[in-house]
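Presented below is the structure to which this report refers.
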Amino acid sequence: MKKMRIQFIYPESGYNKYNNLTLINGRYYHGIGQLSAFLKQNGHDTGLIHIVNEIDIEKVESDIRKYDPDIICLSSTTHMLSEIILINDLLEKEFSDKTTIIGGIAISIEPELIDRLKGFDYAVIGDGEIALIEIIENLKRSSDKKISDISNVIKRGQKKERINVRCHKEFDELPFGDRDIFDFENTDDYKLFKRLPMMTSRGCRFSCSFCSNSVLRKYYFKDTYLRFRSPKDVCDEIAYCIQKYPEIRSIQFQSDLFFDNKEWLDDFVKEYKRIALPYHCLMRVEQVDKDVVKLLKESGCEQVLMGIESGSESTRKSIGKTPKTKIIFKAFELLKRNGIKTGSFNMMGFLKETTEDIFKGIYLNAILKPDLIQVSIYYPYKNTLLYDQVKDMLYNKHYHTYFERSLMKEKYLVKNFYYFYKNYEYLMRFINEKKDSRLFWLWELLIKNSLVSEKILRRNKPETFRILF
Ligand code: SF4
1 MKKMRIQFIY
11 PESGYNKYNN
21 LTLINGRYYH
31 GIGQLSAFLK
41 QNGHDTGLIH
51 IVNEIDIEKV
61 ESDIRKYDPD
71 IICLSSTTHM
81 LSEIILINDL
91 LEKEFSDKTT
101 IIGGIAISIE
111 PELIDRLKGF
121 DYAVIGDGEI
131 ALIEIIENLK
141 RSSDKKISDI
151 SNVIKRGQKK
161 ERINVRCHKE
171 FDELPFGDRD
181 IFDFENTDDY
191 KLFKRLPMMT
201 SRGCRFSCSF
211 CSNSVLRKYY
221 FKDTYLRFRS
231 PKDVCDEIAY
241 CIQKYPEIRS
251 IQFQSDLFFD
261 NKEWLDDFVK
271 EYKRIALPYH
281 CLMRVEQVDK
291 DVVKLLKESG
301 CEQVLMGIES
311 GSESTRKSIG
321 KTPKTKIIFK
331 AFELLKRNGI
341 KTGSFNMMGF
351 LKETTEDIFK
361 GIYLNAILKP
371 DLIQVSIYYP
381 YKNTLLYDQV
391 KDMLYNKHYH
401 TYFERSLMKE
411 KYLVKNFYYF
421 YKNYEYLMRF
431 INEKKDSRLF
441 WLWELLIKNS
451 LVSEKILRRN
461 KPETFRILF
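303 is the number that the UniProt record's numbering gives to position 303 of the sequence shown; each next residue is one higher, with no gaps.
Written out as structure tokens, the structure reads:
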């Protein structure tokens, strides 16, 4: 097979800006690492343009000219839209002789986007390993028609009735992620945090209505969407990385679901004994029980991060999250009692959400006292189950954000809430340190009387909150 040169572009800057992150050298990204490893295993060369902070389109152009690839692949997420447009324009103007492909989550949940991106020839939906190899084989035979026949590839302008993602059901067959392409030693993951990002699975068993998993799963054949690697394969990759990068001090499991059944977790605990490094992972609240916590503890789990998303039971029910507050309490309590740190993911800005609902979320976190709190503003990702319910109410159609009939329209109030929510733990610490009961009453007032709280929030600019906390 003739060797091809494939150059990936990863504009991480869009994601970092959206999340207010300032990174130095950026982070490892599994999607590109895994595709690159697979292409190398099949005899091809790969390169990467990793844009961490501001995009410099002239530099992107000169990097492409220097590498001179046969194929250019852009990996996309929705919050990279402005970068995607810049790169699209560059490819359309300067590199129309190259084969150009867009993949990643943004195009996978919104395949129709390809028709607006004239700089790209093809979109790859979902897992890309098999599709990329088939594209390469057909390019060599100059068989453009065959490329558009690939079941998860869309040629710009093509109307595809049905998308079927063909993927490796047996993950252990895939090579370990290619960290060299990211110059892993210089990433923030390794250089600053001494941690190794790792995946145990792809997909998710659940279909929360705001999450991209609710869109992606429909492109997969039954039983192929959620796939787990064997614990042995996961630990073999970790052991390989530790040998190569000896300063790794912890493992960060980034799969949407760290495990799916206790047998897998039981095997993992046995395998992980040879690794013996602290790790962090993501789970659903209802997965936590005594047996699971015992296994997590035994294997050295340091922190479990879980999505609460809302303090309101009815909102949680409507978005597909654990509705019962007592299940959330039980999960956090069990983990804490066993010395495992916790973290909560929260969201505000759901349609019909009231100020009281937001305070319920703050109050819930105040009681749970997670070691880490992440709060974000709900973003209606295209084609998700929830997007369909809110699409006619978008305040700003371009950015798919802010609703005409929700609190989100009041940007000023939203910003105040955001700072308040995000920084409540500092307020609590401040109150505890001062031991001033008047401050505690202020807190109680804020929590319990949302009408008063709303007035206070309306009067204060976000900057005031920044200074206060
Ligand atoms: S559990 Fe998490 S990853 Fe899975 S569908 Fe819900 S939000 Fe998405």
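Just so you know, even glycine gets a beta-carbon here, dropped at the ideal spot from N, CA and C.
Which word fits Gln243, buried or exposed, when buried means at least 16 other C-beta atoms lie within 10 angstroms of its C-beta?
Residue environment analysis places Gln243 among the exposed positions, since fewer than 16 neighbouring C-beta atoms fall within 10 angstroms of its C-beta.
Counting by C-beta, which residues lie closer than 5 Å to a heavy atom of the ligand SF4, in chain order?
Residues with a Cβ closer than 5 Å to any heavy atom of the ligand SF4, in chain order: Cys204, Phe206, Cys208, Cys211, Asn213 and Asp256.
Alpha-carbon spacing of Val124 relative to Arg337, whole angstroms:
Going by the C-alpha atoms only, they are around 46 Å apart.
Whole-angstrom Cβ separation of Leu74 and Ile85, contact assumed at under 8 Å?
Their Cβ separation, rounded to whole angstroms, is 11 Å, which puts Leu74 and Ile85 out of contact at 8 Å.
What three-state label does DSSP hand Met4 in the structure shown?
Under the three-state reduction of DSSP output, Met4 falls in the coil class, being neither helix nor strand.
Just to confirm my understanding: we take Glu185, look at its own chain, exclude 5 residues before and 5 after, and list those with CB closer than 8 Å. What are they?
Result list for Glu185: Lys191 and Tyr245, in chain order.
Since Ile373 sits in a beta bridge, which residues does DSSP pair it with?
Bridge partners of Ile373: Ser344.
On the premise that Phe332 lies in contact with Pro370, defined as a C-beta separation below 8 Å, what is that separation, rounded to the nearest angstrom?
At roughly 7 Å, the Cβ-Cβ gap stays under 8 Å, so Pro370 and Phe332 are in contact.
Can you tell me whether Val288 is helix, strand or coil according to DSSP?
Looking at Val288 - three-state DSSP - the assignment turns out to be coil, as it is neither helix nor strand.
Which of the three DSSP states is assigned to Arg116 in this structure?
Correct three-state label for Arg116: helix.
Would you tell me roughly how many angstroms separate the C-alpha atoms of Ile358 and Cys235, rounded to the nearest one?
Rounded to whole angstroms, Ile358 to Cys235 spans 41 Å at the Cα level.
Scan the segment 183-263 and note each continuous beta strand (DSSP E) run of 3 residues or more that stays entirely inside, going in chain order.
Within the segment 183-263, the runs of beta strand (DSSP E) that reach at least 3 residues and sit entirely inside it are, in chain order, 195-198 and 250-253.
Selected residue, minimal CA-CA separation from Ile24, among Asn16, His30 and Ser96
Asn16 is the residue among Asn16, His30 and Ser96 whose C-alpha sits nearest the C-alpha of Ile24.
Among the candidates Glu112, Leu196 and Lys222, whose CA atom is the shortest distance from the CA of Arg27?
Nearest of Glu112, Leu196 and Lys222 to Arg27, Cα basis: Leu196.
Evaluate Arg162 with the Cβ neighbour count: other Cβ atoms within 10 Å of its Cβ, from every protein chain shown; 16 or more gives buried, anything less gives exposed.
Classification of Arg162: exposed, given that the 10 Å Cβ count is below 16.
Given 8 Å, three or more beta-carbon pairs between the segment 46-63 and the segment 98-112
Verdict: no, contact absent.
Identify, in the order they occur along the chain, each residue of the same chain with its Cβ nearer than 7 Å to the Cβ of Gly128, setting aside the five sequence neighbours on each side.
So the list reads Leu35 and Gly103, once near-sequence residues are dropped.
Which one or two residues does DSSP pair with Met306 in a beta bridge?
Paired residue(s): Met283 and Ser344.
Taking the CB atoms as reference points, tell me whether Ser344 and Ile367 lie closer together than 7 Å.
Not closer than 7 Å, so no.
Beta-carbon within less than 8 Å of Ile181's beta-carbon, same chain only, minus the 5 sequence neighbours each way: which residues are those?
Within the same chain, Ile181 has close Cβ partners Phe8, Ile32, Gly33, Ser36, Thr46, Gly47 and Leu48.
State buried or exposed for Lys270, treating a residue as buried only when at least 16 other CB atoms are found within 10 Å of its CB.
So Lys270 ends up on the exposed side.
Where Gly103 falls: helix, strand or coil (DSSP):
For Gly103, the three-state secondary structure derived from DSSP is strand.
Identify every residue that forms a DSSP beta bridge with Ser148.
DSSP, once it has assigned bridges, lists no residue as partnering Ser148.
Which of the three DSSP states, helix, strand or coil, is assigned to His30?
His30: helix per DSSP, three-state reduction.
Given a cut-off of 7 Å, decide if Ile248 and Val285 are closer than it, judged by their beta-carbon atoms.
Contact: no.
On a CA-only basis, which of Val304, Ser299, Thr325 and Gly300 is nearest Ser310? Give me that one, please.
Out of Val304, Ser299, Thr325 and Gly300, Thr325 has the C-alpha closest to the C-alpha of Ser310.
Give a yes or no on whether the C-beta atoms belonging to Ile107 and Ile6 are separated by under 7 Å.
At least 7 Å separates the beta-carbon of Ile107 from that of Ile6.
Look at Ala131 and Ile147 and say whether their C-beta atoms are less than 7 Å apart.
No, the pair does not count as a contact, with Cβ atoms beyond the cut-off.
In the DSSP assignment, what are the bridge partners of Thr46?
Answer by DSSP bridge pairing, in chain order: Ile6.
Close Cβ partners of Asp172 (< 7 Å) along its chain, the five nearest in sequence each way excluded:
Around Asp172: Arg229, Ser230 and Asp233.
For Lys317 and Leu386, I'd like the C-alpha separation in whole angstroms.
Their backbone Cα atoms lie some 13 Å apart in a straight line.
Cut-off 6 Å between Cβ atoms - residues of its own chain near Asp223, not counting five sequence neighbours on either side:
Hits under 6 Å: none found.
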